[in-house]
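**Q**
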Amino acid sequence: MIDFSTIKPHLTKRNMWLAAIFLPPILLVLIMLLMETGSSDYAQMGNAVYRPESFQGQCQTEQLKGAAGATHGESTADGIKFNVRTPLNYDPTVPHPLLLVLSPAGSNRAKTEKTTDLTLAATTAGMIVAYADHPPLSPTTAVELGTIPELIAKKWCIDDKRIYITGHSDGGTSTMALAFMSGTKHIPSAIAPSAAGINYEELRERRCPDPIPAMIMHSAKDKLFPGYGKESAGWWATCNQCDPIPEPLDNGCSAYTNCANGIKTWYCEGDKPHSQWPNINATLIDFFVSSGRKEK
Numbered sequence: 001m002i003d004f005s006t007i008k009p010h011l012t013k014r015n016m017w018l019a020a021i022f023l024p025p026i027l028l029v030l031i032m033l034l035m036e037t038g039s040s041d042y043a044q045m046g047n048a049v050y051r052p053e054s055f056q057g058q059c060q061t062e063q064l065k066g067a068a069g070a071t072h073g074e075s076t077a078d079g080i081k082f083n084v085r086t087p088l089n090y091d092p093t094v095p096h097p098l099l100l101v102l103s104p105a106g107s108n109r110a111k112t113e114k115t116t117d118l119t120l121a122a123t124t125a126g127m128i129v130a131y132a133d134h135p136p137l138s139p140t141t142a143v144e145l146g147t148i149p150e151l152i153a154k155k156w157c158i159d160d161k162r163i164y165i166t167g168h169s170d171g172g173t174s175t176m177a178l179a180f181m182s183g184t185k186h187i188p189s190a191i192a193p194s195a196a197g198i199n200y201e202e203l204r205e206r207r208c209p210d211p212i213p214a215m216i217m218h219s220a221k222d223k224l225f226p227g228y229g230k231e232s233a234g235w236w237a238t239c240n241q242c243d244p245i246p247e248p249l250d251n252g253c254s255a256y257t258n259c260a261n262g263i264k265t266w267y268c269e270g271d272k273p274h275s276q277w278p279n280i281n282a283t284l285i286d287f288f289v290s291s292g293r294k295e296k
């Protein structure tokens, strides 16, 4: 007679062994899927008001396959993932401003969408918004981030003269790099880096790009990069050929005046810790919208 009491423990141990091998990869895949689909929880989009000035040129809709609403998991050639958000009433014939939001270290596109909370305000303002993952900082990854607007323009109707870039911490540093690096400085029409880890000593080694609207956001309580905001704002003001002393604005920021071609150069100082995104989204969107179209 077979003693089944000797088989059950054997099967239990075997099942435990199989579970130890196969369960972690399965859980990892499930977590990745949840991260991918769960990011839609933060994609509250608005309806754009299309004004007459929006209709400057038209896109060939038969070449554009991008859908309205929320799109997840787009990727650059080197595998940097990004998500795309359009106005709910997206018109594929109208060239839209593009707002590219770059993630800080330790974050990704879904977390950045949640922490910045820019989707509703930007899409209501008629923008298409993209949130990109954080790659390790290097000149090559900055160039790779710079390919995202062109990739988006292959699927959605984008006005390449209104490409706006913002980002926090490492994302802010990458935002600045895209605006002054020789291979990418032609891409952004305006920038708004937040808590960027680049100061005057590093910037002074760089050649100024052509004047470009710049809104520098930095906290007076940033202990990781103390004082970097004022230093970088001064450098951008010099590059934009502004008067050296900024003047206070009603929105809490300061503006450098008499800049070349009327280019706007703002410094907006907050009082939050380094890790926190500044809560001035309405000011940020207004800065971009009022910056106009870039001459190319």
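For the sequence shown, the UniProt record's numbering gives the first residue as 1, with consecutive numbering after it.
Beta carbons are placed, not taken as given, at the ideal position from N, Cα and C, and that holds for glycine.
All values reported here derive from a predicted model rather than from experimental measurement.
(1) Output needed for Val88: all residues of its chain with C-beta closer than 6 Å, excluding positions within five of it in sequence on either side, in chain order.
(2) Do Asn261 and Pro211 count as a contact pair if the criterion is CB distance below 8 Å?
(3) Rounded to whole angstroms, what is the Cα-Cα separation between Ile216 and Asn240?
(4) Excluding the 5 residues preceding and the 5 following residue 299 in the sequence, name in chain order all residues of the same chain whose CB lies nearer than 7 Å to its CB.
(5) What's the call for Arg162, buried or exposed, on a 16-neighbour Cβ count within 10 Å?
(6) Would you say the segment 275-290 touches the segment 248-265, given that touching needs at least three Cβ pairs under 8 Å?
(7) Considering Cα atoms alone, identify which of Asp159, Asp133, Tyr90 and Glu202 is closest to Phe180.
(8) Could you pull the start and end residues of the beta strand (DSSP E) that Ser75 belongs to?
(9) Helix or strand or just coil, what does DSSP make of Ile152?
(10) Please classify Pro139: does DSSP put it in a helix, a strand, or coil?
(11) Report yes or no: do three or more beta-carbon pairs, one from the segment 111-122 and one from the segment 146-155, lie closer than 8 Å?
(12) Are Thr173 and Ile198 closer than 8 Å when you measure CB to CB?
(13) Does the Cβ of Leu249 have 16 or more other Cβ atoms within 10 Å, making it buried, or fewer, making it exposed?
(14) First and last residue of the alpha helix (DSSP H) that includes Gly172?
(15) Let me know the alpha helix (DSSP H) ranges lying completely inside the segment 187-252, each 4 residues or longer, listed in chain order.
(16) Which residues in the same chain as Lys223 place their Cβ atom closer than 7 Å to its Cβ, once the five residues preceding and following it in sequence are excluded?
(17) Tell me the rounded alpha-carbon separation between Thr141 and Thr71.
(18) Have a look at Pro246 and Pro213 and give me their C-alpha separation to the nearest angstrom.
(19) Considering Thr123, what are the terminal residues of the alpha helix (DSSP H) in which it resides?
(20) Across which residues does DSSP place Gly46 in a beta bridge pair?
(21) Among the candidates Ser103, Asn108 and Glu62, whose CA atom is the shortest distance from the CA of Pro92?
(22) Based on the DSSP output, what are the partners of Thr166 in its beta bridges?
(23) Using alpha carbons as the reference points, say which of Gln276, Asp243, Phe82 and Glu150 lies closest to Tyr131.
(24) Does Thr86 come out as helix, strand or coil in the three-state DSSP assignment?
(25) Indicate whether Cys242 and Cys253 have their beta-carbon atoms separated by less than 8 Å.
(26) Quick one: measure Cβ to Cβ for Ala105 and Ser169, integer angstroms, because I've assumed they're closer than 8 Å.
(27) Specify, as a first and last residue, the run of the beta strand (DSSP E) that Val129 falls within.
(28) If you drop the 5 nearest sequence neighbours on each side, which residues of the same chain put their C-beta closer than 6 Å to that of Phe225?
(29) How big is the Cα-Cα spacing for Val84 and Met127?
**A** A quick look at the data gives this:
(1) A quick correction: the sequence has Leu, not Val, at residue 88. These residues qualify, in order along the chain: Met45 and Asn47.
(2) yes
(3) 13 Å
(4) Residue 299 lies beyond the stretch modelled for the chain, which goes from 1 to 296, so this question has no answer here.
(5) buried
(6) yes
(7) Glu202
(8) Ala70 to Ser75
(9) helix
(10) helix
(11) no
(12) yes
(13) exposed
(14) Asp170 to Phe180
(15) 200-203 and 228-239
(16) His274
(17) 23 Å
(18) 15 Å
(19) Thr119 to Thr124
(20) Answer by DSSP bridge pairing: none, since Gly46 is not bridged.
(21) Glu62
(22) Val101 and Ala192
(23) Phe82
(24) coil
(25) no
(26) 6 Å
(27) Ile128 to Ala132
(28) Gly197
(29) 11 Å
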